[in-house]
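S.K.: Starting off with a structure, shown below.
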Amino acid sequence: MRTIAFAFALVATPAFADIGIRFIEGAPKDRFTFMASPAFCASGPMAIDVNLEGSAGKLVFDVTASGAGVEVYQPLEIVSGARALLGTSNVTDGDQRLRIDLASLEPGAPFAFTIDVDDTLGAREITVSGSEIVGAEVAVQIGDQTRTATFDETATATVGWSSCDS
Numbered sequence: 064m065r066t067i068a069f070a071f072a073l074v075a076t077p078a079f080a081d082i083g084i085r086f087i088e089g090a091p092k093d094r095f096t097f098m099a100s101p102a103f104c105a106s107g108p109m110a111i112d113v114n115l116e117g118s119a120g121k122l123v124f125d126v127t128a129s130g131a132g133v134e135v136y137q138p139l140e141i142v143s144g145a146r147a148l149l150g151t152s153n154v155t156d157g158d159q160r161l162r163i164d165l166a167s168l169e170p171g172a173p174f175a176f177t178i179d180v181d182d183t184l185g186a187r188e189i190t191v192s193g194s195e196i197v198g199a200e201v202a203v204q205i206g207d208q209t210r211t212a213t214f215d216e217t218a219t220a221t222v223g224w225s226s227c228d229s
């Protein structure tokens, strides 16, 4: 009887999934990659909001030669998953927020973009370390559900999602 109860508990437990976000410092382009875990099955359009306002390094997007950024600049460029892209917000130099609208994010199929990110506090403003992105947030909205995650010292954030709620 215990075996049956245990097996039922496993079946009745909802599956959980997540969207992993990784920031990779690069020269001259920095990269944000979004990857849904294999259990992720939320469907429909999604909005992703990258918010640098709470970052330890007071990070900004550096997309033009003039403005808040330092030296090298790079505009937003989609480098993976472009077929899922519905649109993006207009990013101007010095912005701290960026919105990406996707038709979906399929498990195992990354969506990634490059852009230049600069800090506004340190001596090495053109280089962002993992600790400088700590506190930046990513919010994912699917339907009327929104989940938020904060970047940690490893430059990653994980948005938890019950795999089949959307």
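With our numbering, you'll find the sequence shown wraps up at 229, consecutive numbering, no jumps. Each residue gets a CB set at the ideal place from its N, CA and C atoms; glycine is no exception. This one's a predicted model, so the numbers in the text were calculated from it and none came from an experiment.
Which runs of the beta strand (DSSP E) fall wholly inside the region 119-159 and span at least 3 residues, in chain order?
M.R.: With a minimum length of 3 residues, the continuous beta strand (DSSP E) runs that stay inside the region 119-159 are 140-143, 148-151.
S.K.: I need the straight-line Cα distance from Ser192 to Gly150, nearest angstrom please.
M.R.: Unreliable positioning characterises Ser192 in this predicted model, as indicated by a pLDDT of 48, which lies under 50. The coordinate reading is nonetheless provided below. Between Ser192 and Gly150, the C-alpha separation is close to 28 Å.
S.K.: What residue from Met98, Ala145, Ile196 has the CA that sits closest to Val180's CA?
M.R.: Per the Cα distances, Ile196.
S.K.: Would DSSP call Ser225 helix, strand or coil?
M.R.: It is a strand residue.
S.K.: Under 8 Å, with one C-beta from each stretch per pair, do the region 167-176 and the region 87-100 reach the 3-pair mark?
M.R.: The region 167-176 is in contact with the region 87-100.
S.K.: Going by Cα to Cα distance, which pick from Ser143, Ser118, Leu184, Ala166 is closest to Glu200?
M.R.: Comparing Cα-Cα distances from Glu200 to each of Ser143, Ser118, Leu184, Ala166, the minimum goes to Ser118.
S.K.: Quick one: what does DSSP say Val74 is sitting in, helix, strand or coil?
M.R.: With a pLDDT of only 43 at Val74, under the threshold of 50, the placement of this residue in the model should not be trusted; the figure read from the coordinates follows. In this structure, Val74 counts as helix in the three-state DSSP scheme.
S.K.: For Ala145, which of Leu165, Arg85, Ala90, Ala220 has the nearest alpha-carbon?
M.R.: Checked all of Leu165, Arg85, Ala90, Ala220; the closest Cα to Ala145 is Leu165.
S.K.: Which class does Glu200 belong to by DSSP, given the choice of helix, strand or coil?
M.R.: Glu200: strand per DSSP, three-state reduction.
S.K.: Going straight from the alpha carbon of Ala128 to that of Gly120, what length do you get?
M.R.: Rounded to the nearest angstrom, the two C-alpha atoms are 21 Å apart.
S.K.: With a 10 Å radius around its C-beta and 16 neighbouring C-beta atoms as the bar for buried, classify Asp125 as buried or exposed.
M.R.: Buried, by the Cβ-count rule.
S.K.: Should Glu188 go down as buried or exposed, given a rule of 16 or more other Cβ atoms within 10 Å for buried?
M.R.: In this prediction, Glu188 has a pLDDT of 47, which is less than 50 and means its spatial position is unreliable; what the coordinates show is noted afterwards. Buried, since its Cβ has 16 or more Cβ neighbours within 10 Å.
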